[in-house]
Amino acid sequence: MAAIDALPPLRAVIAEHGLSARKALGQNFLLDLNLTARIARAAGDLAACDVLEIGPGPGGLTRGLLAEGARRVLAVEKDARCIPALAQIAEAYPGRLEIVEGDALAIDPLDRLTPPIRVAANLPYNIGTELLVRWLTPRDWPPFWESLTLMFQREVAQRIVAQPGSKAYGRLAILAQWRSDARIVLDLPPQAFTPPPKVSSAVVHLTALPSPRFPADPAVLSRLVAAGFNQRRKMLRASLRGLAGDMEDLLTAVGIPPTARAEEIELERWCALARACANS
Ligand code: SAM
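Residue 179 in my numbering sits at position 142 of the sequence shown; the count goes up by one each step and never skips.
Printed below as a string of C-alpha cells:
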C-alpha cells in the first residue's frame, strides 16, 4: 500500500530513535499508516481546523492528521525520546506541526490553538478517561473542541455509548451523551498495535452539541451520577442520600421512583434531578 508521505516507515523511525515501548507511559504504537489515515479521516474535515493530538509517540497518527490536511497540529508528548522523531515530521510539514514535550493533563490547548479545534488521539489508557471527563464537564458550553476522535479500550468505548438498562450504562454515558453525539467508528484488535495490549480497542467520535440536550449544572449532575453509579445495586434513595435536601421527595418530584436503581434512569431524568437538587 502507498505510504501517506515521504517520511521513513514507522518501524525505521522506532529503530532510529530507540523507541522501545514503555508500559508506564501506556505505549502501544500504531505502525500501519493506512490505519492512522483512517483514524484521521474519522476525525472529519480537518482542512479548516487546528488539531490537538495527545501522545503522538513516533507520530503515526500525527502523519495521518497532517496528510489529511489539518491546518495545524499541536502534539503533546510526555516521552522525551519521541521528540526528535516528531521533529522530522515537523520538517516535512513546515509551519503545521507544533510539538510540546509535557504532560497532557497540564496543558491549556487554547494557549496555542485557534478555533475551530478538533482533538484526535490514540490515548495513553491510563489518562484517557480522565481527559475525556475533563473535556466533557467544563462549566461553560460549547467547549474549546468541535469533535473528539479518541482511542479507548473497547470496554470503555462501550461505556461511552451505552444506553439505560445495560451494564455498561453509567457516568461516562451520561456525561458524554448529555453534551455530545457519541459513536464508535472503528474496532481494533490487539494485533493492530505494537506491542499488542491485552484487550481490544475502539475509536469513539464525539461531536459537541451547540448546547446540552437538557439543562443541568455540570458539577451537580456529575456528583449525582458518580454517587448513583458508585453503588449501582442500591436503590437511589439510599445511594443518593445526603446529596441534597430530602432526596426521596426530590426523586419523586421529578418522576423517579426512589426505589429505582441508577442504571434504569435515562439522561433526561438525571438532568431533571440535577435541576431539582440545585434549586432545593
Ligand atoms: N499516538 C501514538 C500511536 O498511535 O502510535 C502513540 C500512542 S500510545 C498508546 C500513547 C502515547 O501517549 C505514548 O507516546 C506516551 O508516551 C504518551 N503519553 C503517556 N502519558 C502521557 C501524558 N500524560 N501526556 C502526554 N503524552 C503521554
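Heads up, the beta-carbon is just placed ideally off N, CA and C, and yes, glycines get one too.
Based on Cα-Cα distance, which residue from the options lies nearest to residue i?
i	options	result
residue 280	289, 317, 251 and 269	317
residue 245	282, 217 and 57	217
residue 210	82, 55 and 304	304
residue 238	232, 135 and 227	227
residue 56	203, 258, 231 and 194	231
residue 251	288, 310 and 265	310
residue 260	105, 142, 314 and 54	314
Can we count residue i as close to the ligand SAM, meaning its CB is less than 8 Å from some heavy atom?
i	result
residue 166	no
residue 141	yes
residue 115	yes
residue 73	yes
residue 316	no
residue 85	no
residue 267	no
residue 91	yes
residue 308	no
residue 150	no
residue 64	yes
residue 232	no
residue 99	yes
residue 161	yes
residue 95	yes
Check for me: the alpha helix (DSSP H) holding residue i runs from which residue to which?
i	result
residue 214	208-216
Who pairs with residue i in a beta bridge, going by DSSP?
i	result
residue 90	112
residue 137	113
residue 231	66
residue 272	298
residue 225	238
residue 219	243
How would you write the range of the beta strand (DSSP E) that residue i sits in, first residue to last?
i	result
residue 188	184-190
residue 238	238-245
residue 155	154-158
How about residue i: is its C-beta nearer than 9 Å to some C-beta of chain D?
i	result
residue 65	In the structure shown, chain D does not exist; there is a single protein chain.
**Study point:** At least three beta-carbon pairs within less than 8 Å, the region 186-200 to the region 157-164
**Key:** yes
(Q) If contact is defined by three or more beta carbon pairs under 8 Å, each pair taking one atom from either stretch, is the region 198-216 in contact with the region 119-138? (A) no
How about the region 87-97 and the region 55-66: do they share at least three Cβ pairs that are nearer than 8 Å?
-> yes
message: When you compare the region 94-113 with the region 125-140, are there three or more beta-carbon pairs, one atom per stretch, that lie closer than 8 Å?
response: yes
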